[in-house]
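Chemist:
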Amino acid sequence: MRLWPRKEKIPVLTPPNPARFEPIGALPARKRSTFGPPAAKKHAHRQAVPMRKRSYDVGELDDCIGWDARDSTADGAIYTNMDRIRARCRDLARNNDYARAFIRRVKSNVVGPHGLKFQARAKLSGGKNFGKLDKVFNTDLEALYRAAGKKKNRPTVDGRLSLREVQALWMSCLVIDGEVLIRHHDGTTKNKFRYGIEFIDPARLDWMKNETLPNGNQVKMGVECDGDNMPVAYWILERHPQEHIFTNRSLYKHQRVPAEFITHSFVSELPGQTRGVSMLASAALRAHLINQFEKAIVIGGIVAAGKVGFYKVNQEKADDYGILGNYIEEDDEQTEDVNDDATLVQRAGFGMFEQLPSYVDGLESFDTDYPPANFEEFEKRMLRGMASGFGDQYHGMANDLEGVNYTSSRTGELSQRDVWRELQNFLSAELMEPHFERWASLQTFNNALSIDKGKLAKLVENETFLFVPRGWSWVDPLKELKAHETALALGLTTRRKLIAESDGREFEDVIDELAEEESYMRDKGIEPRAPDPKAVATVQDEEEEEG
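For the sequence shown, the positions run 1 to 547 when full-length UniProt numbering is used.
Take a look at the structure:
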């Protein structure tokens, strides 16, 4: 039984209308069920299937985007503007307050007031104390290395820096230039330890020297690499390119220094990278624009505070007096009524009262809208972006604690401290550990030092030493101590770790100090008393109630 009359199929011809052409490669429309009224089937063949994207939007070419990026190798991107990038980032380090604050925070949080502390962990190899720490040897070695780092013992060949200052300068160079060059002087006579280091300005590592040598090695931006892209030598200018101020010698004479005497440190961001880039680079333009914007705001504010105004001149009276613009006509008949004592005041001062000429009806002030109403919010947004580019927290870099509470501060600091620890590990691996290993290896041949050379060589070989960085404490010490107490009770941490994280001291030193303190108190007739946990809990409860 048929519900509708049969209709003859008539082929539909699509007119040549470009607007109705389907895109090439489009999927055909899915056939609808033949069961249904004719109205449902009408024009079904004209329903086009939309194109499905098989790519990323970021790769689309669109004039509205304004993003014409070209891929490049790591060295290709660095080489294009390396000299200008370094110059601009150094200018920021000199003249931008926020960049200087970030550099200061890096040195303060990574290096700290005492620098990374050396700890020897040599163990006894015989007797009943086998496997225990060789406390006598470790203490002597730590004292010797600490003495070698003092400025009077010239750890640098120029004798200007202590080892702690070396660490601070190293971090500063890494932030500003993105790379640090250290030259090792083995056997120097500048100190009794026969070892010193020298900082080399990265600008002296000639970035314009690029060639393939006869032996097949390739020089890229002053770094000579072998077939495996491993540095084998550094082509260093004898003088800084801008040192013509102080000398007339040729500035572009190179010195080829083998890689075994150079430590070239930088953070690699892409494979095959030969030179480093400043940590300030990504946010440098924003930082410069903030400087320029603030300068314009200040100038505008000065103009606004000066109360600029304009005189209202009565043109009829001015015509009678022969006033034409800023000039007076030479006419004796017209100047007889002019008040010669009245002048147009160009600048005003405190307590000044001036008589205006009779052809001036008054003064119209000119007020500038400065500073803008949204200036503070706009600057905060810019500074937040700059802090993100630097890798720092906004409230710390900008010194803005408005709206910061304990919870938000702790959350931000936990994230930021991971950044500081990462830089501390980088400093230890790139500077301090190689420095100690080289220093200790040379001391095994130094007969002027009275230390067990065999144990020293074994310590270096087994790498039984470490550098402990500075730690941090929280604003609320009671909450922190309570958390530490709980972690110790659950076996989630150790006293050694907590002491190292708090102030970088050794566990043994703290225990010895406590024992010495209690012994001294007993000698003086004072019995040491342990703190009362109930009293501590009471203080904590009172602070929570006040908060």
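Think of the CB as a built atom: it goes at the ideal place given N, C-alpha and C, for glycine as much as any other residue. The structure displayed is predicted, hence computed values, not measured ones.
What residue range does the alpha helix (DSSP H) around Ile200 cover?
Modeler: Here Ile200 belongs to no alpha helix (DSSP H); instead the beta strand (DSSP E) covers Tyr195 to Ile200.
Chemist: Please go through the same chain and pick out, in chain order, the residues whose beta-carbon is closer than 7 Å to the beta-carbon of Met382, but skip the five residues on each side of it.
Modeler: Cβ neighbours of Met382 beyond the five flanking positions: Arg286 and Ile290.
Chemist: Just list the residues that DSSP pairs Arg233 with in beta bridges.
Modeler: Position check: residue 233 holds Ala in this sequence, whereas Arg was assumed. Answer is Glu224 and Pro258.
Chemist: Just confirm the distance between the C-beta atoms of Lys455 and Phe137, as a whole number of angstroms; I'd bet it's less than 8 Å.
Modeler: Going by Cβ atoms, the distance from Lys455 to Phe137 rounds to 5 Å, so yes, they are a contact pair.
Chemist: Buried or exposed: Asn96, going by 16 or more other Cβ atoms within 10 Å of its Cβ?
Modeler: It counts as buried.
Chemist: Just list the beta strand (DSSP E) runs in the stretch 458 to 500, keeping only unbroken ones of 3 residues or longer that don't cross its boundaries, in chain order.
Modeler: The qualifying runs are 465 to 468.
Chemist: Determine, using beta-carbon pairs with one atom in the stretch 274 to 284 and one in the stretch 85 to 96, whether at least three such pairs fall under 8 Å.
Modeler: Touching, yes, given that three or more Cβ pairs across the two stretches are closer than 8 Å.
Chemist: Grab me the residues of Ala284's own chain with a C-beta within less than 7 Å of its C-beta, minus the 5 sequence neighbours each way, in chain order.
Modeler: Arg88, Cys89 and Leu92, listed in sequence order.
Chemist: Looking only at its own chain, which residues have a Cβ that is under 8 Å from the Cβ of Cys64, when we skip the five neighbours before and after it?
Modeler: Excluding residues within five positions, none has a Cβ falling inside 8 Å.
Chemist: Can you give me the C-alpha to C-alpha distance between Phe21 and Glu379, rounded to a whole angstrom?
Modeler: Because Phe21 carries a pLDDT of 46, less than 50, the predicted location of this residue cannot be relied on, and the following value inherits that uncertainty. About 52 Å.
Chemist: Output the distance between the C-alpha atoms of His254 and Leu237, rounded to the nearest integer angstrom.
Modeler: The alpha-carbon atoms of His254 and Leu237 are separated by roughly 4 Å.
Chemist: Report the residue from Thr189, Cys173, Asp177 and Leu133 whose alpha carbon sits nearest the alpha carbon of Val157.
Modeler: Comparing Cα-Cα distances from Val157 to each of Thr189, Cys173, Asp177 and Leu133, the minimum goes to Thr189.
Chemist: On the three-state DSSP scale, how would you describe Arg286?
Modeler: Here Arg286 sits in helix by DSSP.
Chemist: Please report the distance separating the alpha-carbon of Pro528 from that of Ile511.
Modeler: Each residue's alpha carbon lies about 15 Å from the other.
Chemist: Going by DSSP, what residue range makes up the beta strand (DSSP E) through Gln167?
Modeler: Unbroken run through Gln167 is the alpha helix (DSSP H), Leu163 to Asp177; no beta strand (DSSP E).
Chemist: Considering only residues of the same chain and omitting the five flanking positions on each side of Gly112, which have a CB-CB separation below 8 Å?
Modeler: The answer, listed in chain order, is Pro469, Arg470 and Gly504.
Chemist: Taking C-alpha atoms, which residue in Ile197, Thr444 and Lys128 lies nearest to Leu161?
Modeler: Per the Cα distances, Ile197.
Chemist: Which class does Phe130 belong to by DSSP, given the choice of helix, strand or coil?
Modeler: Looking at Phe130 - three-state DSSP - the assignment turns out to be coil, as it is neither helix nor strand.
Chemist: For Glu294 and Trp474, what's the separation of their Cα atoms in angstroms?
Modeler: Each residue's alpha carbon lies about 34 Å from the other.
Chemist: Of the residues Asn314, Glu433, Asn191 and Gly222, which one's Cα is nearest the Cα of Lys209?
Modeler: When each option's Cα is compared against that of Lys209, the closest is Gly222.
Chemist: Put Ser108 into one of helix, strand or coil per three-state DSSP.
Modeler: Residue state, collapsed to three classes: helix.
Chemist: Alpha carbon to alpha carbon, how far is Lys524 from Glu513?
Modeler: About 17 Å.
Chemist: Whose C-beta lies closer than 7 Å to the C-beta of Glu437 among residues of the same chain, with five residues either side of it excluded?
Modeler: Closer than 7 Å at the Cβ level, and outside the excluded window around Glu437, lie Val460.
Chemist: Which value, in whole angstroms, describes the spacing of the CA atoms of Ile262 and Gln167?
Modeler: Computed Cα separation, rounded: 17 Å.
Chemist: Could you give the distance in angstroms between the alpha-carbon of Leu478 and the alpha-carbon of Gly491?
Modeler: Between Leu478 and Gly491, the C-alpha separation is close to 20 Å.
Chemist: How is Ala373 classed by DSSP in three states: helix, strand or coil?
Modeler: In this structure, Ala373 counts as coil in the three-state DSSP scheme.
Chemist: Please work out which residues of its chain come closer than 6 Å, Cβ to Cβ, to Ala398, disregarding the five sequence neighbours upstream and downstream, and give them in chain order.
Modeler: Around Ala398: Leu383.
Chemist: Near residue 591, what residues of its chain come up, given a Cβ to Cβ distance below 6 Å and the 5 sequence neighbours on each side ignored?
Modeler: The shown model of the chain, from 1 to 547, leaves out residue 591, and the question about it has no answer.
Chemist: For residue 570, count neighbouring Cβ atoms within 10 angstroms of its own Cβ and tell me buried if that reaches 16, exposed if not.
Modeler: Examination of residue 570 is not possible in this model, given that the chain is present from 1 through 547 alone.
Chemist: DSSP three-state label for Phe266, please.
Modeler: Looking at Phe266 - three-state DSSP - the assignment turns out to be strand.
Chemist: In the DSSP output, what is Arg183 paired with across the bridge?
Modeler: Arg183 pairs with Glu198 and Ile262.
Chemist: By DSSP, does Val338 sit in helix, in strand, or in coil?
Modeler: Low confidence applies here, because Val338 scores a pLDDT of 44, under 50, leaving its location unreliable; read the following figure in that light. If DSSP states are grouped into helix, strand and coil, Val338 belongs with coil.
Chemist: Between Leu213, Thr274, Asp134 and Ile302, which lies nearest to Leu181 when the distance is taken from Cα to Cα?
Modeler: The candidate whose alpha carbon is nearest that of Leu181 is Thr274.
Chemist: Once you ignore the five residues that flank residue 599 on each side, which residues in its own chain have a CB closer than 7 Å to its CB?
Modeler: Shown here, the chain extends from 1 to 547; a query on residue 599 therefore has no answer.
Chemist: With H, G and I counted as helix, E and B as strand and the rest as coil, what does DSSP make of Gly362?
Modeler: DSSP places Gly362 in strand when its eight states are reduced to three.
Chemist: Compare the C-alpha of Ile299 against each of Pro372, Gly272 and Val267 and name the closest.
Modeler: Ranking the options by Cα distance to Ile299, first place goes to Pro372.
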